[in-house]
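Taken in sequence, the protein lines are chains A and B. The first sequence: position 185 = 167 (our numbering), numbered continuously. The second sequence: position 86 = 68 (our numbering), numbered continuously. Backbone N, C-alpha and C define an ideal beta-carbon position, used for all residues, glycine too. On a predicted model such as this, the values are computed, not experimentally measured, just so you know.
Protein chains: 2
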Amino acid sequence: MSQSYFLILMDLKNFLENGNEFVLPNLSIDIVIIGYSAEELKCLLLQIDDKWLLPGGFILKGESVEDAVKRVLKERTSLQDTHFKFLEVFGDKDRRFKEMWKEFYQKSGLSWTDDCWLNSRFITLAYYALVNIEKTFPALNETDQAFDWFSFDKLPNMWMDHRSIALTARNRLKEDMKQEQITFNLLPAEFTMPQLHQLHQTILEEKLDRSRFQKKMLSTNLFERLPEQHQDSPGRNPYHYRIKAKNY
Amino acid sequence: MSQSYFLILMDLKNFLENGNEFVLPNLSIDIVIIGYSAEELKCLLLQIDDKWLLPGGFILKGESVEDAVKRVLKERTSLQDTHFKFLEVFGDKDRRFKEMWKEFYQKSGLSWTDDCWLNSRFITLAYYALVNIEKTFPALNETDQAFDWFSFDKLPNMWMDHRSIALTARNRLKEDMKQEQITFNLLPAEFTMPQLHQLHQTILEEKLDRSRFQKKMLSTNLFERLPEQHQDSPGRNPYHYRIKAKNY
DNA sequence: ACAAAAGTGTTCAGCCTACACCCATGG
DNA sequence: CCATGGGTGTAGGCTGAACACTTTTGT
């Protein structure tokens, strides 16, 4: 399912004109979808005109906020059961896209006025999600021209406050990973300790002692060592691990 | 200023009928206002009919979310510069007050229908605030019959999910105080270490070593010891402290 | 056998814990 | 001068930091 459910049900013109009948007004959801590849933390962005923005959406009138986030995530990444977490409310008093939607209205033969529902003030509920970048197949909807993964160090020009939302998520991840074991969501289901070690160093932007890191990770008892196999690189090959099934 | 600014500008009938013209729809703010007295953590609640609810309000159309929280806090407690923090989004799909407002509509000669704006689904942005209970002078507005402070262990019957919001705040406080020094907001401007010690024990619901507690607190360098004075109790009298002015 | 990379062990310092001891004051 | 309660010191244990050593495998 690579298309947006929302836009399957209504074409662009109908969405621009009547979307407000189906979603809660003045409220949006934005998700900082974080991946990891080539020893860099990356963020999934969508292009509209010459700027980029976070994947996001709206809350349907009969839908819980949580379900809306899950739906948007699934629409955008085709992933189910993605790890996600609330980030922050962005609620400035005149927070609106202004010119972004203008072109779409004009293309669709609609007039762009101050009272277009998409031109109103939006409070956004920002979330962040951790995904395995290899298993993530982003989907475009009718308004997006492209998607791409950007290193947090080289974010492009972005719409509105989306850059600061993305960077807030990057910093939050640093804090959260000290409290809970969540980083494995960024790796394949089977991974090695050296991989996890490098990932932590990348996120924290500092060197971590190899010995201590390994002992700390294994002492959590969350990791299950797999029978040694995979011999493909010079030198000793690391064990592979996966996350133990939770004991309910 | 002990009255609600919002209800100064419009009387109850007008608010029930036309409030939606001034505030963002489907969105509310609720604040768990936490105080401390008699070695108990307490929560400020307002009474409507036979149930209680959290102090809350709405976001004015030209107002940031942050400003709305500050306004509601000031309206309800007459306090300025209160410590507050975001708690959680409560966004269930059919989250509404149902019968709560019915009586007010009928009293005001308005018909209570399914499409009353106050009967619609509300997503609430929940915050918690820490206040000095002695300096807090709660204010009622036209819809509230009473206010009272309730121990979190003996919360009364509450509207909708407000009980679970309150308890979420109580638990969050436990977590947050381990990370940042915030608890002094619950005490007078000048307090003693034994007081702070007892407060921490109350919040965490566990015994804390006196010696270690004192050393840990003083090692943060956030506390300023005042010249010894106040002699009123038997035994040695504790030093008084206040929070150092922040060094900007 | 050697280099490279992974895994494990050892030592030391610092912090947390529990408890003992010292101080100030009122009766 | 003793009871009460506040303030400070100290010995033991645990945890984290730095680094050394061992293991595995390709060349």
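* Establish whether the CB of B:Leu6 and some CB of chain A are separated by less than 8 Å. => yes
* To do: May I have a chain-ordered list of the alpha helix (DSSP H) segments no shorter than 4 residues that lie completely inside the stretch 25 to 80 of chain B?
  => 47 to 59
* Asked: Residues of chain A with CB under 8 Å from B:Asp48, in chain order?
  -> Checking the sequence, you will find Glu at residue 48 of chain B rather than Asp. Ordered by position in chain A, the residues that pass the 8 Å Cβ test against B:Glu48 are Gly73.
* Asked: Does the beta carbon of A:Ile13 sit closer than 8 Å to a beta carbon anywhere in chain B?
  -> no
* To do: Would you kindly work out how many angstroms separate the C-alpha atoms of B:Asp130 and B:Lys136, rounded to a whole number?
  => 12 Å
* To do: Go through its chain and collect everything with a Cβ distance to A:Tyr110's Cβ below 8 Å, but skip five positions before and after it.
  => Ile13, Val14, Ile15, Ile16, Phe66, Lys67, Leu69, Ala151, Arg154, Leu155
* Cβ neighbours of A:Ser(-16) in the same chain (closer than 6 Å, five flanking residues each side left out) -> Low confidence applies here, because A:Ser(-16) scores a pLDDT of 34, under 50, leaving its location unreliable; read the following figure in that light. Ala121.
* **Residues of the stretch 100 to 130 of chain B with Cβ closer than 8 Å to any Cβ of chain A, in chain order** => Arg103, Ile105, Leu107
* **Selection from B:Tyr221, B:Asn219, B:Leu204 that minimises the alpha carbon distance to B:Ala227** => B:Leu204
* Please confirm if B:Leu(-11) has its CB atom under 8 Å from at least one CB of chain A. => Below a pLDDT of 50, predicted positions are generally treated as unreliable, and B:Leu(-11), at 49, falls in that range; the measurement from the model is reported next regardless. By this cut-off, B:Leu(-11) is not an interface position.
* Asked: Are the C-beta of B:Phe68 and some C-beta of chain A separated by less than 8 Å?
  -> yes
* Could you say if the stretch 36 to 54 of chain A and the stretch -6 to 11 of chain A meet the contact criterion of at least three C-beta pairs nearer than 8 Å? => yes
* To do: Determine the extent of the alpha helix (DSSP H) in which A:Glu85 is found, giving its start and end residues.
  => 84 to 89
* **For A:Glu21 and A:Gln180, the rounded distance between their alpha carbons** => 7 Å
* With 16 as the cutoff for other CB atoms within 10 Å, does B:Ser133 come out buried or exposed? -> exposed
* Under the rule that 16 or more other beta-carbon atoms within 10 Å means buried, what is B:Ser46, buried or exposed? -> buried
* To do: State the CB to CB distance for the pair B:Asp126 and B:Ile30, rounded to an integer number of angstroms; the pair is presumed to be in contact (CB under 8 Å).
  => 6 Å
* Asked: Taking the Cβ atom as the reference point for each residue, do A:Glu(-1) and A:Leu92 lie within a distance shorter than 8 Å?
  -> yes
* **Contacts of A:Glu243 in chain B (Cβ-Cβ under 9 Å)** => Only positions -17 to 230 of chain A appear in the structure, and residue 243 of chain A is not among them; the question remains open.
* Neighbouring residues, chain B, relative to A:Glu45 (Cβ below 7 Å) -> Lys75
* Quick one: what does DSSP say A:Ala108 is sitting in, helix, strand or coil? -> strand
* Between B:Leu9 and chain A, is there a C-beta pair that is closer than 8 Å? -> yes
* Asked: Buried or exposed: where does B:Gln62 fall if 16 or more other Cβ atoms within 10 Å of its Cβ makes it buried?
  -> exposed
* Got a sec? Which residues, its chain only, sit under 6 Å from A:Phe166 by beta carbon, not counting five neighbours each side? -> Ile225
* Asked: How should A:Arg145 be labelled, buried or exposed, when 16 other C-beta atoms within 10 angstroms of its C-beta is the threshold for buried?
  -> buried
* To do: Output the distance between the C-alpha atoms of B:His182 and A:Ser193, rounded to the nearest integer angstrom.
  => 36 Å
* What are the boundary residues of the alpha helix (DSSP H) that A:Glu238 is part of? -> Residue coverage of chain A in this structure runs from -17 to 230, which leaves residue 238 of chain A outside it and unanswerable.
* Asked: Roughly how many angstroms lie between the CA atoms of A:Leu55 and A:Phe119, to the nearest whole one?
  -> 11 Å
* Selected residue, minimal CA-CA separation from B:Leu(-6), among B:Asn139, B:Met199, B:Trp83 -> B:Trp83
* **Residue closest to A:Asn101, alpha-carbon to alpha-carbon, out of A:Pro220, A:Lys24, A:Val71, A:Met142** => A:Met142
* To do: Kindly indicate which three-state DSSP category B:Ile164 falls into: helix, strand or coil?
  => coil
* Asked: A:His222 to A:Leu208, Cα distance in whole Å?
  -> 5 Å
* Nearest to B:Pro138 by alpha carbon, out of B:Asn(-4), B:Lys24, B:Gly1, B:Asn2? -> B:Lys24
* **Through-space distance from A:Glu210 to B:Leu107, alpha-carbon basis** => 49 Å
* **DSSP state of B:Phe205 mapped onto helix, strand, coil** => strand
* Per DSSP, A:Phe132 is paired with what? -> A:Cys25
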